[in-house]
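The block underneath contains the structure these notes are about, expressed in structure tokens.
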Amino acid sequence: MLKRRVTKDADKAIDKMPDKQFCQIYDAMEALRVNPEPEDSKELISNIRPKRRRKDIGEYRIIYWYDDECLYIDVIGKRNDKEVYKQAKRKGII
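Residues in the sequence shown are numbered from 1 upward in steps of one, following full-length UniProt numbering.
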């Protein structure tokens with residue numbers, strides 16, 4: 001099982017979520033630690049290495065990547081707007 005690292009911005013987004021969404025996101029992050037490439041996740045097109053992936057959980061989207069030891073959660077945001085991708089581009093992760 002991979003260790004989990006969450007950026008400060010992603011952690012702030014989690015703190016603001018209602019309990020139901022928090023539980024959904026937490027469960028999804030735990031599942032990603034076991035299987036970081038589930039069928040319902042997608043690799044993002046980017047020249048950045050390592051490749052970033054995205055996973056939709058309810059009305060939220062996670063952008064993450066992983067290596068041999070750790071799962072890195074970069075951005076968490078509403079999936080029905082483009083803000084998640086804007087945040088990721090500002091951070092230089094996609």
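For glycine and all other residues, C-beta sits at the position ideal for the given N, C-alpha and C.
Computed from a prediction, not measured in an experiment: that's the story for all the values here.
By a C-beta neighbour count over all protein chains shown, 10 Å radius and 16 as the cutoff for buried, is residue i buried or exposed?
i   : result
D74 : buried
A88 : buried
A31 : exposed
Can you tell me the Cα-Cα spacing of residue i and residue j, whole angstroms?
i   : j   : result
E59 : M29 : 15 Å
P38 : V6  : 19 Å
I76 : I48 : 19 Å
Short check: CB of residue i to CB of residue j, under 8 Å?
i   : j   : result
K55 : D40 : yes
I45 : I25 : no
If you compare alpha carbons, which of the options is closest to residue i?
i   : options               : result
Y66 : Y26, A88, I14 and N35 : N35
N80 : R61, Q87 and K91      : R61
R90 : D9, R4 and M1         : D9
Report the partner residues of residue i according to the DSSP bridge assignment.
i   : result
L71 : R4 and Y66
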